[in-house]
Each structure stands twice: as structure tokens, then as C-alpha cells.
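Trainee:
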Amino acid sequence: MVYKLSSLLTLLLTVSALAQNARSVDPLLGVAGGGNTFPGPCLPFGMIKPGPDMGDNTGNAGWLPQSEINGFSQTHVSGTGGGDKYGNILIQPTTGKPMSAGNASPADNEQASAGYYHVTLTRYPIDVAITSARRTALYRFRYPAEVQRNMLFDVSHVLSAYAQNGEGQTVLHSAVHVLSPTEVTGSSTVTGGWNKQTTSYTVYFYAVTSKVATAWGTWLGKTMQAGTRIQAGGTSEPVGAWLTFPKTPDQANIKLKIAISFISEAQARQNALTEIHGFDFDSTRLEAVIAWNKALSTIQLEGANETDRKIFYTAVYHTMLMPVDRTGENPLWKSGEPYYDDFYTIWDTFRSSSPLLTLIAPERQAGIVRSLVDIYRHEGWLPDGRSGNFNGRTQGGSDAEFVLTDAYVKHLPGIDWNEAYKGMLHDAEDEPVDQVKEGRGGLPDWKHLHYLSIEGVDRPASKQMEYAANDFEIALMAKALHHEDAYQKYLQRSGYWNNLWDDKAEDGGFKGFIWPKHRDGTWKADFDALLEGSWGGDNYYEGNAWTYSTFVPQDVAGLIARCGGPEEFVKRLDAFFAVPGRYAVGNEPGFLSPYLYVWAGRQDRTAEQITQILAGSYHAGEDGLPGNDDSGAMSSWYAFGKMGFYPNAGQDIYIIGSPAFPEDSIHLSNGRTFIIEARDVSATNHFIASAEWNGKPYTKGWFRHEDIMRGGKLILKMSASPATWATGPLPPSASSDKPAN
């Protein structure tokens, strides 16, 4: 659709009328304070992500606080906390004499909304506005009067932090061609990055300007060559081009349309010509806003104030930035299946992001799952992390198992389940050549010792817990596909977490923790239960013994028994959340932990903890997230928490927490609506006094996916005092009940 708008005022009025949810989005929420979110414009799961690259070019999303803007590149990730990736094809508007380097400018009046980014480069000064389609960005540069106006294309630019850890990016080759006074094309081939890519990816681009340049040139290294049209260079030879536009007595608006492709320059040109017709900035922006509003409007809030709406809808927005839909842009193989890249990473997103998309965008999530299966079909492994068309890095277990089984038990359509099951079995049985890249390391220990030893694999304690949970997901899939022997085998393996439970380990007055163990069967000595680990090491990843001693999503009842029963388990959880340094909301392994009280019959404690954690850890503003957003993981956890329920990923059950809004509705893909009404809810009234579902009393602290899909209304009567209403059956666990499938 194309909208003819007479002015920006008309645009804003139209956006206000059509896009109640999209207008609540603040892309600058979470860019600072470790959130590392992407502030630029894009479409849901859009391939091009144009935005500012700042400072020393170490920001994984390009944005850095209190830094000058170097330019605007076309590819970014969002919310990742490791080293960098992308930052390809940097656009630099300047005035005066064009220079190949030293063009950074202080920034002022930075603004962002769904589908739109704006900033003023005060050095020149130039006003910059950006909007985008799926693979094409549209820039509007407002240059001052009576100056020489330049548009530079730094083709060899990348973001490249953490080079000392082998995570830096290296440009292998770059090329540029000034086709005409309005057209520039080229490519950049890059290796490396956070996922330690050993192959390379190539970004091709085609750019066209709304006005005709009067001069142009290229550069190689530091040498500027006026009048030249073609340039190419290797690893240590920066390559770029520029266009110069004439001086005029008035301000000049010059627009730039730039498209990218991972296939060819010709395809980049085709993307530019088909996605955005002409240079209508306002229409393109409006179409982006409407696309976002459609994506966000599957959830409707009633009774939320402006700040709450901003944080909530920005959270949902963040879950739709990655992975990236590159269907039709896969340079590695041709396939009739969807293709997604930038899984960054499934270890982060399987817990809450994937289940949220399954509820609010099931067709999209089905496409993502089909893509995972197709990657396995062509490359032999299900990825955990993937970027630049290259698998890596694996953070813990083979957590694609959660995503696949979650999709199966929630009946996502069009997925080859037999092929998916083969990929899961491959993860469980075959040792990878490079365990950081894909698969599970330490499988000989897992199969023969039934635990992961310090000598056998890095991060054995945390991987132990994930392998057991992964095997439970395989068991559920095997059961569903009528492989009874495999079901029994992997169900047994899902209990191996017990083999790293040390009943004698003690911390903070509590006994019994997941503890690292040597291959000879002895426990690690002199170990701190609060010690966390990252890559390498012989303990845990992004969590400590307290955290991982709660991560048994397949068998919470069994975990409670190991802790001494429900009463002792509740005391342990209370101590876990009460003492600083034990629980960290900014790391994903603890996402399920506040909801575990429900398995102990204390839904009121879940309501109390969730309310306190959300209130203390999330807020509006640039530093509004408690940690790396990790492709929307932190954000989706928040969204579920505020709606009042949370998934046990890989199963078909949801745990009731504490809804924050008087009413939230999910408009389901089957045409029905699921509503949670929280009567008398307030900051103090966060406990549930009683519940009814479709007019009948409801006494369980959980429900199933099929309950949601039938639609209807769950009414929760809220109170300022704890109440014992959830007296019905406890949620399923592997050791005490039929698993939820």
C-alpha cells in the first residue's frame, strides 16, 4: 500500500489513529546499561537494520552512550552481550572536503520510534532521518545552505570488538562502483565475529540518491581519488566512495535508498526497486508503523498507563528483531523452506521468546522452526547460535530441542517432525568436532558416567542440567512419534541431573547443590556456591550453584524432594531471592525460578517475587533493562511476567504469576481471544485471592496451552494479602505425574 501524505503532521495524525500499540514503542529503551538493544528502524524480523555506529565501534548494536556518531551502517544485531557482528556498509553524510576517515560527529536530538530514527549531526550540521522496509532503508539528509554536501560509502566498515579473544571481525575483501551520478553499488566480505566464524559472509548493496551528484570519487586506504568510479581492496585496505552534491542557497533534502542482499548486487538492486517505490519517506515510514502495529496488536492491554504501555510494547517489539528473516537470501543452498539467520542465541530465547511468538505469531514461529530443521538437513546440526550463515556459539546444551518440542506440543503447522526428531537425536548421540560451534561436548562422559566431569567438558555443572532437560524434550518427541524405546531411554537420561547433586554441599544454611565433579567421582573441593563462570572454566555458565540447583524444568517435583520437601524448598527459594548475589534476573538460567513455588503449593510466593523483581529491574529509559536483552529474551520474560503467566518451555503448561494490568487479551490465530482480567489489581494488590475460568471456580496455579487456545476469560480477584486459592493439582513433573505433552 502507498499513502499520499501532505505533511509530517498528517503522518503523525494518521499514525496516532491507526497505531495505538506501535506508537508506544521506544527503540531507545535498553540501548544503555548493558541492554545493548538496537535503536534503528526495521520491520518485524527485517533483514536490513540501519542505525548509528558510535565511538570505538565496539557496540554490538552500534550504539554507545556519550559517543560521537561515525556513520550509519545497514546490519546490526540486538541485545547481544558478547563481541560484535556486522556493521556493514557505513553511510556518512558530511559537508566540506570529503575525507576517508575522521568524519565522526557529536549527536543531538536523538529520537526513535517504531520504523523511524532521527538524529542531528552537530558538527556539520546535518539532520538525519531513517526508515526502512524489509531489505531496504530510506535515509533523508537535510544539509545546511551554501555548503558542499557529501555522501560517503565506507564499504569496508565493520564492528569489531573483542579481537583479543578471537571474536573480532576481519574484512577479507571489499569493492565499490559508482555506476552513475545517482547510483553506487558494491560489496563487503567479512569473517570472524562473536560466533568465531571461520567461513565468510558477503553483504552486497545498491544505493540510489534522489538528487544528482556533480562530483564523485573513491578511496583505497587513505588515498582519495577524485573522479574514479571503481575501487577494490583486501584485508588491510579500506575501500569507499563518495558523491558530492552542489551548493544551494537553501537547505537541501537529499534522500538515499539503499538495499542489501546476501546473494548479489543485482538482487540488492531488485530489493531496492521493488520494496520502496521512489523516495517517499513519509509513506515508507507509515507502512513500517502499520506493519509493527499489526504485529503488536495481537496483545491488547486495558488500564495500563503510558509508561507501562511503553515498557510492555517495547518488550514485545524486542522479541521481533531477531532472528532475521532471510528467506530468498540464503547464499548456501536453495530450498523451498523459510530461511532465518542471527539466532543469537537459542540458549537465551528458548525459555520465553519462542513461547511468546508461538502465542502471538504462530505462523512466524513455525517458519523459524522450519528453518532450524532445514539448517540441520543441509549442514548436519541444529544450531544454538548462528550468524552470518554460520553456526556458533553453543552456550550450554543443544537447546534447539526445547524449541522443536515446544512447537510440537503446541501444534505449530507445516513442520517435518520426523526430520526434526533426527536432528534432536544427532545432538544427543554424536560428538561434534567443535563443541563451541554446535552439538554437545563431553558425550562420552554423559553416556558412560551419566554425568559431565570437570575433565570431560568445560562448564560441566551447567551443561549437566541442560543436557538432562534437553533429553527430556527428546523423550517427549519420541513418545509423540511412537518411539517407545527411545522415550524410555531419554526419559531415564533426563534424570541424570541427580548425579551432580551433592547432598553434603552446604551454603547459607542449606544443604544439597549441583556441584562440579571430577572423572574419578570426587567432588570439586573449595568451591564457592556463588561463583559464576563464562566461556571455559570448570563450573557454570552465567549462573551459580544456587541458580542451577533450581534448573530442573522437567522434574520440579523431583527437585523439591531432593531439597527436603515443599516446606524446605520454599525456605530455600525465599533465601535464594533474599540474599544479594544468589539470584540474577539479568541472566536467563533463573527465568523459571520465581515460578517454582507453584510446584510447592505456594502460588502466593510466586506472585510476590515476580512483582518485586519486575518492579525493581525494569523501567523506561535507555538503561531500562537488567542485562543484555539477548535477542529479546529479557524483554519477553518481562512481557509474560506482566501478563500474569509464564511458560515452562518445551511443555504445554503455563504457570500463573501476578498480572499487572486490569485486563490483557491475546487475539489467537484461530480467531478466538484469551483474556486475563485482574480485578482490583494495583501496586499493593498483587496477590490472587480467588480465580474463575469462564464463570467456574478455578483452583490450579497453572494451565495448559489448549486452555488458552479455546479462548475465554480467566478472572483473577486480586488482594493485598496472600491467599491460598491454588489448591488443585500441582503442575506435572517427570517423576510424579504424566509429563505435559
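In the numbering used here, the protein residues as written are 807 to 1547. All C-beta atoms in this analysis are idealised placements derived from N, C-alpha and C, irrespective of residue type, glycine included. Bear in mind that the values here come from a model prediction, so they are computed numbers and not experimental data.
#1: Alpha carbon to alpha carbon, what distance is there between valine 977 and alanine 1572?
#2: Which parts of the segment 912-985 are runs of the beta strand (DSSP E), unbroken and 3 residues or longer, counting only runs that do not cross its ends?
#3: According to DSSP, which residues form a beta bridge with aspartate 1309?
#4: Hey, quick one: how far does the beta strand (DSSP E) through proline 1453 stretch, first residue to last?
#5: How many angstroms separate the CA atom of leucine 1163 from the CA atom of arginine 1170?
#6: Considering just the uninterrupted stretch of the beta strand (DSSP E) at glutamate 1348, what are its terminal residues?
#7: Does DSSP put histidine 1217 in a helix, a strand or coil?
#8: Would you check if there are 3 or more beta carbon pairs closer than 8 Å linking the segment 931-938 to the segment 1022-1034?
#9: Excluding five sequence neighbours on each side, which residues of the same chain lie with their C-beta closer than 6 Å to the C-beta of alanine 1226?
#10: Where in the segment 1085-1145 do unbroken runs of the alpha helix (DSSP H), each at least 4 residues long, occur, reported from the N-terminal end onward?
#11: Could you give the DSSP three-state label for serine 993: helix, strand or coil?
#12: Does DSSP put threonine 1029 in a helix, in a strand, or in coil?
#13: Please report whether the beta-carbon of glycine 1396 lies at a distance below 7 Å from any beta-carbon of chain B.
#14: Tell me, please, which residues DSSP counts as bridged to isoleucine 1166.
#15: Checking 7 Å against the spacing of the C-beta atoms, do lysine 1243 and glycine 1198 come in under that value?
#16: Give the range of the beta strand (DSSP E) segment to which glycine 1364 is assigned.
#17: Residues in the same chain with beta-carbon distance under 7 Å from asparagine 1393, minus the five sequence neighbours each way, listed in chain order, please.
#18: Going by Cα to Cα distance, which pick from Phe1493, Ile1280 and His1217 is closest to tyrosine 1475?
#19: Short check: CB of valine 988 to CB of valine 1018, under 7 Å?
#20: In chain order, what residues of the same chain have a beta carbon less than 7 Å from the beta carbon of cysteine 1369, not counting five sequence neighbours either side?
#21: Cβ atoms of alanine 1406 and serine 1539: under 7 Å apart, would you say?
#22: Would you list the one or two residues that DSSP bridges to alanine 1019?
#23: List the residues that DSSP assigns as beta-bridge partners of lysine 1330.
#24: Would a C-beta distance cut-off of 7 Å place serine 879 and asparagine 894 closer than the cut-off?
#25: With distances taken Cα to Cα, identify the nearest neighbour of isoleucine 1064 among Asp1056, Gln1057, Gln1073 and Ala1058.
#26: Select from Leu1520, Asp832, Glu1279 and Gln1201 the residue whose C-alpha is nearest the C-alpha of tyrosine 1293.
#27: Can you give me the Cβ contacts of lysine 1116 inside the same chain, cut-off strictly under 6 Å, excluding the 5 residues immediately before and after it?
#28: Would you mind stating whether serine 1067 and tyrosine 1119 have Cβ atoms separated by less than 7 Å?
#29: Rounded C-beta distance between methionine 860 and glycine 868? I'm assuming under 8 Å.
#30: With 16 other CB atoms within 10 Å as the buried threshold, where does asparagine 1500 fall?
#31: Leaving out the 5 sequence neighbours to the left and right, which residues in its chain are closer than 6 Å to asparagine 1547 when beta-carbon positions are compared?
#32: With a cut-off of 8 Å, do at least 3 Cβ pairs link the segment 1459-1474 to the segment 1091-1111?
#33: Cα separation between lysine 1285 and aspartate 1361?
#34: Buried or exposed, going by whether 16 or more other CB atoms sit within 10 Å of the CB of glycine 1534?
#35: Since I believe serine 980 is in contact with glycine 1039 (beta carbons under 8 Å), could you give me their beta-carbon distance rounded to a whole number of angstroms?
#36: Between which two residues does the beta strand (DSSP E) holding lysine 1061 run?
Mentor: With the structure as the only source:
#1: Given a span of 807 to 1547 for the chain in the structure shown, any question on residue 1572 remains unanswerable.
#2: 913-919, 922-927, 932-938, 942-949 and 955-960
#3: According to DSSP, aspartate 1309 bridges with nothing at all.
#4: 1451-1453
#5: 7 Å
#6: Careful: glutamate 1348 lies outside any beta strand (DSSP E) and carries neither H nor E.
#7: Coil.
#8: Under the three-pair Cβ rule at 8 Å, the segment 931-938 does not count as touching the segment 1022-1034.
#9: Val1179 and Leu1210
#10: List check, alpha helix (DSSP H) in window: 1087-1102 and 1112-1124.
#11: DSSP places serine 993 in strand when its eight states are reduced to three.
#12: strand
#13: Looking at the structure shown, chain B is missing, and only one protein chain is on hand.
#14: Per DSSP, none; premise fails for isoleucine 1166.
#15: The answer is yes: Cβ separation under 7 Å.
#16: It is not in any beta strand (DSSP E) - glycine 1364 instead sits in the alpha helix (DSSP H) that spans 1362-1368.
#17: Glu1348, Gly1349 and Gly1433
#18: Here the sequence assigns serine to residue 1475, which means tyrosine is not the residue at that position. Cα-wise, what sits closest to serine 1475 is His1217.
#19: The identity of residue 988 in the sequence shown is threonine, whereas the question assumes valine. For threonine 988 and valine 1018, yes; Cβs fall inside 7 Å.
#20: Gly1318, Phe1375 and Arg1378
#21: Result no, Cβ atoms of serine 1539 and alanine 1406 do not sit closer than 7 Å.
#22: Paired residues: none, contrary to the question.
#23: The partner list for lysine 1330 (beta bridge, DSSP) is empty, contrary to what the question assumes.
#24: yes
#25: Gln1073
#26: Glu1279
#27: Ser830, Asp832 and Ala1426
#28: no
#29: Sure, about 6 Å apart at Cβ, within 8 Å.
#30: When all chains shown are included, asparagine 1500 counts as exposed.
#31: For asparagine 1547, the predicted model reports a pLDDT of 45, less than 50, meaning its position is unreliable; a value from the coordinates is still stated below. The residues are Val1215 and Leu1282.
#32: yes
#33: For the pair lysine 1285 and aspartate 1361, the Cα-to-Cα distance works out to about 17 Å.
#34: exposed
#35: Indeed, because the Cβ distance is near 6 Å, the residues count as touching under 8 Å.
#36: 1058-1067 is the span of the beta strand (DSSP E), which, as asked, contains lysine 1061.
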